[in-house]
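Residue numbers (my numbering), protein chains in the order written: chain A, 1 to 411; chain B, 412 to 563; chain C, 564 to 814. Note that the Cβ used here is the ideal one computed from N, Cα and C, for glycine as well. In this text the structure is predicted, and so the values were computed from the model without any measurement. Below is one structure, written out as structure tokens, with a few remarks after it.
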Amino acid sequence: MVPIRYQTLAGKSAGYWLLFIALAAVTAIGYAAAHYMEVNGHYVTGMTNQIVWGTPHVFAVFLIVAASGILNVASISSAFGKPEYKPLARLSGLLSIALLVGGLIVLVLDLGRPERLVVAMTYYNFKSIFAWNIFLYVGFLLVVAVYLWMMFEPRMNKYSKPAGIVAFIWRFVLTTGTGSIFGFLVARQAYDAAIMAPMFIVMSLSFGTAIFLVVLVATFQWTSRPLGDDILRRLKNLLAIFVAAVLYLTVAFHLTNLYATEHHGVERFLLLDGGVYTAVFWLIQVVLGGLVPLLILFSPTVSRSRAAIVLAASLVIVGGLAQVYVIIIGGQAYPLVLFPGMEETSTFFDGVVHAYVPSLPELLLGVGGIALSLLIAVIAMRVLPFLPEQLPDSAPHGEDAPTAAAASTAR
Amino acid sequence: MRRRLAAVGLAFIMGAGWSISTPADIPLPAPPKAKGDRCVEPTDLMRRNHMEFLLHQRDETVHRGIRTKKHSLVECLTCHTQTDAAGHYIPINAPGQFCQDCHAYSGVKMDCFECHATKPRNSASVHSKSAAMSGTSPAHLSNLARVVGNRP
Amino acid sequence: MKSATPNTRPDGERRKFLERAGAAAMLLSLAPGVRLVELVLARAEDQPVSAQMRWGLLVDATKCSEGCTDCVDACNDEHGLTGLGRPETDAQYIRKVGLRDKTTGKTHSLPVLCQHCETAPCVDVCPTGASFRRADGIVLVDKHICIGCRYCMMACPFKARSFIHEDLTDQVPESPRGKGTVEGCNFCVHRVDRDREPACVEACTEARHGALVFGDMGNANSALSQKLRELTNRQIRSDLGLNTGVRYHGI
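What follows is the structure, encoded as structure tokens:
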């Protein structure tokens, strides 16, 4: 068996620096947007006392959910012992950390008092899922870091399987926790559902795999590393299954809700007459982010094209953002029902659909989070050998190269 | 070695003394005089420990409903705010005012006055409710009975 | 690491409380004329609030007229809630809600405010413990440890909370408020702790509407408890089983 050799990015080309500068600039703009929001207060955003979580939360939740799913590639290789994925396990771990950090930073910068982060770290209410999540997120970063170290360090290689299993379990708990942030909100018609947690797990697999595919093809292309069709075929099949599963759970979610008369109002709102939310749900989430990618990925002819696979994965990403948007913003836009059977009016927007338009600073902050994630990945790939030198179809499925030569170039 | 240390120490002390002796360079804080003749604790205890008193009082009041006046932040305003020539209160955290003067000098940043009032409730400028606030109105006395419900 | 749960009281304090309760019991048996209420009334300002009490409010919707905003005005006045002309981000602690029965067409008008739940969702979800329930049943935000995550606003079934969206100046000394934290009705703790009723209740009574009755639900003899026994009343979203401290009659 040919050992896998990993190599850092040379990071000397104009392309690398262009990418680096672009990502750094977008990250900086995102930070500036957050600063602007903090100095002026949240009234400069689209958020109100009715829509309390806005676009930054959409990006943050998307990134956090995807971070857990993107580790799936590594999990398949170590926890499930599929050697084909082994060469990509390091990249999978790296992206997982990068996306989580990006998402968390957006979340923190959107707090009313980000400077009190230390309070969040020292005062805990253990009944709060948010408080658990702080532990789950920080713990996840540590677990994945240890896992990566075991993959990098030849002497530790033998422990990478147990580490992978721990990371795998952690990841499920983490996404369950993230889903439960919404699932436990009994007050809101749109959220109060136990299916929220499993749905978030499947969403994480789908978004994570899609992002992984895009990053994989792009990095191999830009660094002129050979990439075989074999691994791509496996990943795109996985993606297709996850996309189908998300669609299935979405249907199940809405059908269950439709069964309970109590939820008819909010279902009608999301599925039929919610204006922008209905449009985003059907057109972007279901059609563009679900059905079209499925058609592409399942078509034996079209899916042979690399461009088509990347397109499908990109659509899944867009659809994923749309899905989180509908869940978070759409769920809040529908008014709370305080008095069933009554029409409500007040000076505080009772009984009316709440208006929300994402503001520029919010969007910039969200996009800045994505840029930060990618920036972390781009820097890390240059410093440490995360990428295999090549991944041809006859991919080497053996142990990592123990030779001195490989060590000098790769480690 | 020891001699060199001593020299450094001496230089340091002299330097410090020099900077203290030139107020034009770094003006020492001189918080405005307070009303009343004594603070709520001995003055030098206050100087060193006012933050502990305040933070302790904060938790006692907010979580346990303890409303003693002694270390209450609202009460500091009554003695430590100044009025301008026209008789209006000056915010207690304005430059040169009591809660700002030393803090600016020692580089202390605190967010208390983002929320907490910086002037006492001014009887002239505030609402008609102020009579009730002072707790002397008959309405207030009748409230007492109703709140705790000692009716037969 | 500190746990910010206010209910976990040090043992010494529990002992003190038991002693006091014992003393109260003795008083009761020694002098039948002396009732616990008087002892509660006598809570000195240096004594902590007691879990034997539970502050509550009864809204008699039959006495609450449409268009009347006396309670709301009094609240705004008391807490200095001057709007900045941006209704969507301006804070409200109490609001008048108009209701119209979709089948019968009957209308009601009533104030909605923090319901001071016994098992408050806002308290459960708050990551730092800034949202908490005081021993005497008042649900509060400790704005000193609120990080402004707004999860409590997501969790509250009554839309009772507001987020402060911008810098404020000239706050009322008794009601500190500032950008980036969440707030809501606090039953005017600063008044209740000094044996005064919340501003909304006082205003409603002074205007002789009598639609709001405030008092101690934990004491069977309080005016509130008597009224609650006398008038049929319900909780908003009683399906959630939150055991709210605010009850409604006439809807």
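| Asked | Found |
| --- | --- |
| Nearest to residue 62 of chain A (by Cα), restricted to the options A:247, A:194, A:317 | A:317 |
| At least 3 beta-carbon pairs within less than 8 Å: the segment 69 to 80 of chain A vs the segment 22 to 41 of chain A | no |
| Whole-angstrom distance between residue 734 of chain C and residue 499 of chain B, CA atom to CA atom | 16 Å |
| Boundaries of the alpha helix (DSSP H) in which residue 161 of chain A is found, first to last residue | 160 to 183 |
| Assigned secondary structure, residue 673 of chain C (DSSP; H/G/I helix, E/B strand, else coil) | strand |
| Distance, residue 358 of chain A Cα to residue 280 of chain A Cα | 14 Å |
| Identified DSSP bridge partners for residue 493 of chain B | B:501 |
| Spatial distance of residue 185 of chain A from residue 651 of chain C (CA atoms) | 22 Å |
| Contact residues within the segment 683 to 703 of chain C, judged by C-beta distance below 9 Å to chain A | 684, 686, 687, 688, 689, 690, 691, 692, 693, 694, 695 |
| Contact check, residue 776 of chain C vs residue 703 of chain C, beta carbons under 9 Å | no |
| 8 Å CB neighbourhood of residue 691 of chain C in its chain, flanking five on each side removed | 567, 708, 709, 710 |
| Rounded straight-line distance, which links the Cα of residue 722 of chain C to that of residue 780 of chain C | 24 Å |
| Member of A:110, A:308, A:100 whose CA lies at the smallest distance from the CA of residue 136 of chain A | A:100 |
| Three-state secondary structure assigned by DSSP to residue 4 of chain A | strand |
| Residue 44 of chain A versus residue 54 of chain A: straight-line alpha-carbon distance, rounded | 12 Å |
| Proximal residues to residue 140 of chain A (C-beta, below 6 Å), its chain only, five neighbours per side dropped | 170, 174 |
| Beta bridge counterpart(s) of residue 343 of chain A as assigned by DSSP | C:663 |
| Closest by C-alpha distance to residue 79 of chain A, when choosing among A:147, A:190, A:298 | A:147 |
| Counterpart residues of residue 777 of chain C in DSSP-defined beta bridges | C:620 |
| Cβ pair count under 8 Å reaching 3, the segment 186 to 195 of chain A against the segment 290 to 306 of chain A | no |
| Residue 69 of chain A - DSSP class collapsed to helix/strand/coil | helix |
| Under 8 Å from the C-beta of residue 97 of chain A: neighbouring residues of chain C | Under the 8 Å cutoff, chain C gives no residues; its nearest Cβ is about 22 Å from residue 97 of chain A. |
| Residue 361 of chain A in three-state terms, based on DSSP | helix |
| Any C-beta of chain A under 9 Å from that of residue 751 of chain C | no |
| Span of the alpha helix (DSSP H), counted from its first residue to its last, around residue 287 of chain A | Run containing residue 287 of chain A: none; DSSP gives neither H nor E here. |
| CB contact check: residue 675 of chain C to chain A, cutoff 9 Å | yes |
| Contact list for residue 488 of chain B against chain C, beta-carbon separation under 9 Å | 736 |
| Within chain B, partners of residue 612 of chain C - CB distance below 8 Å | 475, 476 |
| Under 7 Å by beta carbon: chain B residues contacting residue 706 of chain C | 526 |
| Alpha carbon of residue 446 of chain B to alpha carbon of residue 497 of chain B, nearest angstrom | 18 Å |
| Proximal chain C residues relative to residue 485 of chain B, where beta-carbon distance stays under 8 Å | 736, 737 |
| Contacting residues, own chain, Cβ-Cβ under 8 Å from residue 366 of chain A (five flanking each side not counted) | 30, 55, 56, 58, 59, 60, 106 |
| Nearest residue (CA-CA) to residue 661 of chain C, options C:732, C:640, C:674, C:783 | C:674 |
| Closest Cα partner of residue 154 of chain A within the set A:369, A:343, A:311, A:3 | A:3 |
| Proximal residues of chain C, C-beta to C-beta of residue 443 of chain B below 9 Å | Chain C residues near residue 443 of chain B: none, gap ~19 Å exceeds 9 Å. |
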